[in-house]
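Input: a single structure, listed below in structure tokens.
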Ligand code: GTP
Ligand code: SPV
Ligand code: MN
């Protein structure tokens, strides 16, 4: 960590800048500092000593509350501004010279106008504050897809979080060398007011300017902004893909190891699926799941093998706490046992933390996520429903050994899934790549607390990417269809729904670790070793093809959960119009063909 005081030197000639060899970066920092006028500029170089120092400063500033060092070593609580607890999709913009590049699914501002407005907001916004310079690499060092970003921010919380989530510090300056090719990520929390919040992406300039929020996806600019919105546009231009997908490894009892990716919308189960612990009976047989990533996959086709390969560009998890427990996700519980930031959870008298779902019995007293005294009968939640952890992936006891491999992992199957109380079965396989892309593109899911707005409304969320496609959604879908042409052995594509409910409103499928039973069929199908029956929607397992042994769910109940009601499916096809109409002229013709085929089967 190198600090430069701007109040004394002020001419930008301090020792901090001299330690940055890259002149493009130096010049950019000087320009941005001249606009924001911080009192100090601090270059983060990475490493354990610097991490301790960031937290020490954060505790001093009241940004972090240290937690019980015996129960949760090196863990901290952060309380965000109560108006700043989730991604703000209405404040998120794609800024390009012409509306057509952003397409019909994004908020758009003409780029020159956006820069002008933003300069007004950023002007002198860091007076009295420190500007942290955070160079980072997304992706394993040496990978063909890895890229460097540099975030400037006035938030200590963001600096400490980026240190966990990315390969941050000197390593990035080394990879950058003297090229001008890095993503310029400009960030200030401003005054955190939602009216003055703008998360603006400039795909043509490889730039993000984010103002007015300190929350995860709005503020950790390597993640959704660079890792998905800008990367998806770069992938479109360069022939690869950036997707909202987990990546995991599965070893079968015969020793065969395969990798799968899965796209579920925000707060629909990616982290849980990526950290899946199979039930005892499966573990005894030798089933084992390992985590490569839990949120973002960058994918390309290896020209030699014709296979799709994936890397996880991140090094940490920004995961949902609500509902996370020793019962549902013991791997996450272990991962967050040390060196973790807890955001918007309840604080217990002994310096431990709590959130709804952590234990069946709530604690008798706590301080809630906003800092007020709380008891179980105070009539409100102790933790925010979108309370989150920021934890290093190397804490994960089932981390896949290839996470740092620049060559990534080969992908055998792609799974799409949403949160659907009705209509959609637990599992089906799509007939081919094109129909699989159609199934992903027409994915519907109930909205969650991960984004501000109403919760529980079904919306179309193509590939779980609706909020994250950084360019025209029509081009994005065409890109998906075209990727097939590069592959000689494409992954098989499946659709799952862990969230179907019975007439009493209970989840039918037990979910979590038991999802391995579905994964077993998926892998067998992908390797040509399992049967299926053809249905309207796709291929489905016969009742005997899914192992239900040891579950409360019997064969009939499973069949009920798999049932596709023709009327409900017709209504579903109508609901898809929401997306189709919006897309209008941009809709790829393959989408129309696939939909017509489905209608004719109906
Ligand atoms: P983001 O980080 O927002 O992208 O979310 P995510 O997709 O990683 O979702 P996550 O795994 O954090 O799960 C979100 C919520 O869904 C949690 O409350 C989980 O407990 C719940 N959940 C996850 N998997 C299952 C499942 O198989 N069945 C049921 N019923 N709930 C699940
Ligand atoms: C999501 O909302 O999909 C998340 C959390 O993973 S955030 O980083 O805020 O995007
Ligand atoms: Mn996510």
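Residue numbers (the numbering used here): 7 to 608. Virtual Cβ for every residue (Gly too), placed ideally from N, Cα, C.
Please state if the CB of residue 282 and the CB of residue 268 are separated by a distance shorter than 8 angstroms.
Going by C-beta atoms, residue 268 is not nearer than 8 angstroms to residue 282.
List the whole-angstrom C-beta distance separating residue 513 from residue 505, where the pair is believed to meet the contact cut-off of C-beta under 8 angstroms.
Indeed, because the Cβ distance is near 6 angstroms, the residues count as touching under 8 angstroms.
Considering only heavy atoms of the ligand SPV, list every residue whose Cβ is less than 6 angstroms from one of them, following chain order.
Listed along the chain, these residues meet the criterion: 93, 222, 223, 229, 230, 272, 301, 324, 456.
Return the first residue and the last residue of the alpha helix (DSSP H) that residue 126 is part of.
Residues 117 to 128.
So what's residue 294 in DSSP terms, helix, strand or just coil?
Three-state DSSP puts residue 294 in a strand.
Whole angstroms is fine: what's the gap from residue 490's alpha carbon to residue 445's?
Rounded to whole angstroms, residue 490 to residue 445 spans 15 angstroms at the Cα level.
Rounded to whole angstroms, what is the Cα-Cα separation between residue 139 and residue 182?
Their Cα atoms are separated by approximately 14 angstroms.
Please list, in chain order, all residues of the same chain as residue 123 whose beta carbon is under 8 angstroms from its beta carbon, the five residues on each side excluded.
Taken in chain order, the residues that qualify are 115, 204.
In the DSSP output, what is residue 618 paired with across the bridge?
Outside the shown range of the chain (7 to 608) lies residue 618, about which nothing can therefore be said.
Between the Cα of residue 544 and those of 521, 568, 553, spot the shortest distance and give me the residue it belongs to.
The shortest Cα separation from residue 544 among 521, 568, 553 belongs to 568.
Tell me the DSSP secondary structure of residue 469 in three-state form.
DSSP places residue 469 in helix when its eight states are reduced to three.
Between the beta-carbon of residue 69 and the beta-carbon of residue 179, is there less than 8 angstroms?
Contact flag unset, no.
To the nearest angstrom, report how far apart residue 19 and residue 49 are at their CA atoms.
Residue confidence for residue 19 is low, a pLDDT of 48 falling below 50, so the modelled location carries little weight; the figure read from the coordinates is stated next. Going from the Cα of residue 19 to the Cα of residue 49 covers about 14 angstroms.
Using DSSP with H/G/I as helix, E/B as strand and the rest coil, what is residue 422?
Three-state DSSP puts residue 422 in a strand.
Leaving aside the five residues before and after residue 607 along the sequence, list all residues of the same chain whose C-beta is less than 7 angstroms from its C-beta, in chain order.
If we look at residue 607 and ignore the five residues flanking it on each side, its Cβ neighbours are 542.
If residue 227 and residue 198 are in contact, beta carbons under 8 angstroms, what's the gap, nearest whole angstrom?
16 angstroms between Cβ atoms; not a contact.
How far does the beta strand (DSSP E) with residue 249 in it extend, from its first residue to its last?
Residues 247 to 249.
My parser needs the alpha helix (DSSP H) runs of 4 or more residues fully inside the segment 479 to 547; what are they?
For the segment 479 to 547, whole alpha helix (DSSP H) runs of length 4 or above, ordered along the chain, are 479 to 489, 522 to 532.
So does the segment 331 to 348 actually touch the segment 388 to 404, counting three or more Cβ pairs closer than 8 angstroms?
Contact between the segment 331 to 348 and the segment 388 to 404 is present, because at least three Cβ pairs lie under 8 angstroms.
Go through its chain and collect everything with a Cβ distance to residue 597's Cβ below 7 angstroms, but skip five positions before and after it.
444, 447, 483, listed in sequence order.
Exposed or buried, which one is residue 55 when buried takes at least 16 other CB atoms within 10 Å?
Exposed is the call here.
Pull up the distance between the alpha-carbon of residue 2 and that of residue 141, whole angstroms please.
There is no way to answer for residue 2, as the model of the chain reaches only from 7 to 608.
Which whole-angstrom value describes the C-beta separation of residue 232 and residue 144, a residue pair presumed to lie in contact below a C-beta threshold of 8 angstroms?
About 6 angstroms separates the two Cβ atoms, so the contact holds.
Going by DSSP, which residues form a beta bridge with residue 138?
According to DSSP, which records beta bridges pairwise, residue 138 is partnered with 48, 159.
May I ask whether a heavy atom of the ligand GTP can be found less than 7 angstroms away from the beta carbon of residue 77?
Because no heavy atom of the ligand GTP lies under 7 angstroms away, the Cβ of residue 77 does not count as near it: no.
For residue 586, I'd like the list of residues in its chain whose CB is within less than 7 angstroms of its CB, leaving aside the five on either flank, ordered along the chain.
Around residue 586: 593.
Please report the residue range of the alpha helix (DSSP H) in which residue 38 lies.
Looking at the DSSP string, the run of the alpha helix (DSSP H) that includes residue 38 is 29 to 42.
Counting Cβ pairs closer than 8 angstroms, one from the segment 518 to 534 and one from the segment 449 to 463, do we hit at least three?
Touching, no.
When the Cα atoms are used, what is the spatial distance from residue 164 to residue 86?
Approximately 11 angstroms between the Cα atoms of the pair.
Please go through the same chain and pick out, in chain order, the residues whose beta-carbon is closer than 6 angstroms to the beta-carbon of residue 130, but skip the five residues on each side of it.
Closer than 6 angstroms at Cβ, skipping near neighbours: 43.
Is residue 331 closer than 8 angstroms to residue 363 when the C-beta atoms are compared?
In this structure, residue 331 lies closer than 8 angstroms to residue 363 by Cβ.
So what does DSSP say about residue 601, is it helix, strand or coil?
In the structure shown, residue 601 sits in a helix (DSSP, three-state: H, G or I).
Which first and last residues belong to the alpha helix (DSSP H) in which residue 442 is found?
Here the alpha helix (DSSP H) through residue 442 covers 439 to 447.
Which class does residue 589 belong to by DSSP, given the choice of helix, strand or coil?
Helix, per DSSP.
List the DSSP bridge partners of residue 10.
The partner list for residue 10 (beta bridge, DSSP) reads 47.
What residue range is occupied by the uninterrupted beta strand (DSSP E) comprising residue 435?
Here the beta strand (DSSP E) through residue 435 covers 433 to 435.
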